[in-house]
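Quick note: the sequence shown uses our numbering, first residue 41, plus one each step.
Note that CB positions come from ideal geometry on N, CA and C, so glycine has one too.
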Amino acid sequence: MNYLVNSNKTSSRAHLWDDDDTYCKMYLTGGMRKKKYRVYPDSQDRQICLMCGNVWKQIHTYKDEHG
Numbered sequence: 041m042n043y044l045v046n047s048n049k050t051s052s053r054a055h056l057w058d059d060d061d062t063y064c065k066m067y068l069t070g071g072m073r074k075k076k077y078r079v080y081p082d083s084q085d086r087q088i089c090l091m092c093g094n095v096w097k098q099i100h101t102y103k104d105e106h107g
């Protein structure tokens, strides 16, 4: 799992990154300024974006229930 983080803004949250887009889909839909973000192997001690976390939970809950 990788994380997309705005390293210039210490109050920003880390987004879960799947190599094409964030789990909350804000990266490709234009909800973030792409130049300000970098991909990291850890969350850089940031809280996780609420929408990214919810999508991740839905994916993994479905996989656990349906094999």
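With DSSP run on the structure shown, which of helix, strand or coil describes residue i?
i    : result
Y102 : helix
Give the C-beta separation of residue i and residue j to the nearest angstrom, bearing in mind that I take them to be a contact with Cβ-Cβ under 8 Å.
i   : j   : result
K75 : N48 : Actually they do not touch by this definition, with Cβ atoms about 10 Å apart.
N42 : V95 : 15 Å between Cβ atoms; not a contact.
Going by the DSSP bridge assignment, what does residue i pair with across the sheet?
i   : result
N42 : W57
T62 : W57
R78 : V45
Quick one: is residue i buried, meaning 16 or more other Cβ sit within 10 Å of its Cβ, or exposed?
i    : result
L44  : buried
T101 : exposed
R86  : buried
H55  : buried
M73  : Looking at the sequence itself, residue 73 is Arg, so the reference to Met does not match. With fewer than 16 Cβ atoms within 10 Å of its Cβ, R73 is classed as exposed.
T69  : exposed
Taking just the CA atoms, how far does residue j sit from residue i?
i    : j   : result
D58  : T50 : 22 Å
D82  : I88 : 11 Å
E105 : K97 : 12 Å
Y67  : M91 : 13 Å
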